[in-house]
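Protein chains in written order, with our numbering: chain A, 8 to 167; chain B, 136 to 386.
Just below is one structure, and these are the notes that go with it.
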């Protein structure tokens, strides 16, 4: 299949590449750009491990072709930390023990990043709905909800 | 394509066509453009205030991340009887606009699903707009779906949209059923049964039985045909009760 050129801004850095049109966004991120923080869990739009933020909206990067991101802006888990300082969500997952094996964590963080932009004072129920497309098989969701609340409070206080 | 089962020579991505992502009200209709996402339905004020059944439906489709990308029009154009919007659009009496080389044409939603994974779209046409008549005063609707887990297709789903007359009797009833047949099903007998009647408990229960008898479910991993038929009965009664409350100004 003929390759096509794309240019995508990833974590603030413009990236150009020649890719097969069938290449999934998640493979582009992991294999072409070596940004392996974005995980592949199920490869079928179920688990949410591969969640990235595309132009402000959280999407499953196993369910988009990389060519569809041409000219657009992507945030991955590698882009959360700024100047050596963890994002409040990352800090929240650390403080509240929001992860165990860590496999779902990048997706949980990116869903949370977009969600808290829209709602920085959520109820636990709203958080549970927001993460209903992200599966965790270790800790259960209680500590993840706590981590979101921790981050929301920090963000309301102006921590980010 | 992901699994290399398909390697098409060309793919047309409509995502970059400008000005197709609208949800707007004009000429007495709610109009939904081809690129309006499910996520937008959930947060739209005009939907919330005038056609809340659409927000009910969007909220139970797939999961929030998928809804960032999924389009409302795509949910119809796929022609899958397990999709949720077909039932809702049948209940609302929507029209779809097909656009192709010969221009635009309107297709009534009742005529849009001739068979399994088949729509009335011609090969060179795409679905560019859904038009929903804004329900008049004293209208209410609800969509109820039983799913095994978030993201699953419906074991069964029921969409109900009613309008009452000044006496409180049912002036118009629309009922659509999800995933209980080879196509989305418009429960016409239940609609006729309801029309002109006061919606007391006995009438609602009877209408629910009629709707169940119009479903054509099959045994599969989500349940037996008998179970699903009974589920249609239960969901229809509950959806009618919610729709009635909303028609009377409740939530």
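Where is the CB? At the ideal position from N, CA and C, for every residue including glycine.
Classification of residue i by the beta-carbon crowding that lies within 10 angstroms, buried from 16 upward
i	result
residue 326(B)	buried
residue 150(A)	buried
residue 317(B)	exposed
residue 121(A)	buried
residue 178(B)	exposed
residue 23(A)	exposed
residue 220(B)	buried
residue 300(B)	exposed
residue 57(A)	buried
residue 124(A)	exposed
residue 14(A)	exposed
residue 49(A)	exposed
residue 138(B)	exposed
residue 244(B)	buried
residue 163(A)	exposed
residue 259(B)	exposed
residue 68(A)	buried
residue 251(B)	exposed
residue 212(B)	buried
Contacts that residue i makes with chain A (C-beta to C-beta distance below 9 Å)
i	result
residue 119(B)	Any question about residue 119(B) goes unanswered here, given that chain B covers just 136 to 386.
residue 153(B)	Simply none; closest approach about 13 Å.
residue 324(B)	Going along chain A, no residue has its Cβ under 9 Å from residue 324(B), so there is no contact; the nearest lies around 36 Å.
Proximity of residue i and residue j at Cβ, strictly below 8 Å
i	j	result
residue 367(B)	residue 277(B)	no
residue 269(B)	residue 379(B)	no
residue 195(B)	residue 176(B)	no
residue 352(B)	residue 225(B)	no
residue 20(A)	residue 83(A)	no
residue 61(A)	residue 37(A)	no
residue 370(B)	residue 281(B)	yes
residue 267(B)	residue 165(B)	yes
residue 262(B)	residue 169(B)	yes
residue 289(B)	residue 313(B)	yes
residue 203(B)	residue 240(B)	no
residue 140(A)	residue 86(A)	no
residue 197(B)	residue 205(B)	yes
residue 222(B)	residue 308(B)	no
residue 357(B)	residue 283(B)	yes
residue 154(A)	residue 109(A)	no
residue 324(B)	residue 372(B)	no
Strand pairing of residue i, partner residues [DSSP]
i	result
residue 116(B)	Here chain B has residues from 136 to 386 only, and residue 116(B) is not among them.
residue 156(A)	In DSSP, residue 156(A) forms no bridge with anything.
residue 172(B)	206(B)
residue 307(B)	298(B)
residue 89(A)	92(A)
residue 24(A)	13(A)
residue 161(B)	164(B)
residue 250(B)	253(B)
residue 293(B)	279(B), 312(B)
residue 81(A)	17(A), 61(A)
residue 243(B)	230(B)
residue 146(B)	The partner list for residue 146(B) (beta bridge, DSSP) is empty, contrary to what the question assumes.
residue 321(B)	311(B)
Neighbouring residues, chain B, relative to residue i (Cβ below 8 Å)
i	result
residue 31(A)	137
residue 118(A)	199, 200
residue 147(A)	Those within 8 Å of residue 147(A) in chain B number zero; the least Cβ separation is about 15 Å.
residue 8(A)	142
residue 70(A)	201, 204
Within chain A, the residues that residue i reaches when beta carbons sit closer than 8 Å
i	result
residue 207(B)	In chain order: nothing, as chain A lies at least about 16 Å away.
residue 285(B)	139, 140
residue 146(B)	28
Partners in chain B for residue i, counting only beta-carbon separations shorter than 7 Å
i	result
residue 137(A)	199
residue 66(A)	200, 203, 204
residue 52(A)	201
Per-residue contacts from residue i into chain A (C-beta, under 7 Å)
i	result
residue 340(B)	Neighbours of residue 340(B) on chain A: none; closest Cβ ~32 Å, over 7 Å.
Near the ligand ATP: residue i beta-carbon under 7 Å from a heavy atom
i	result
residue 324(B)	Of the ligands one can find in the structure shown there are none, so the ligand ATP has no counterpart to examine.
- Task: Ignoring anything shorter than 3 residues or poking outside the region 180-216 of chain B, list the beta strand (DSSP E) runs there in chain order.
- Result: none
- Whole beta strand (DSSP E) runs in the region 252-288 of chain B with 3 or more residues, listed along the chain? 261-268, 274-281
- In the region 107-145 of chain A, which residue ranges form an unbroken beta strand (DSSP E) of at least 3 residues, counting only runs that do not cross its ends? none
- Message: Threshold first: 3 residues or longer. Then list the beta strand (DSSP E) segments lying entirely within the region 27-70 of chain A, N to C.
- Response: 58-61, 64-67
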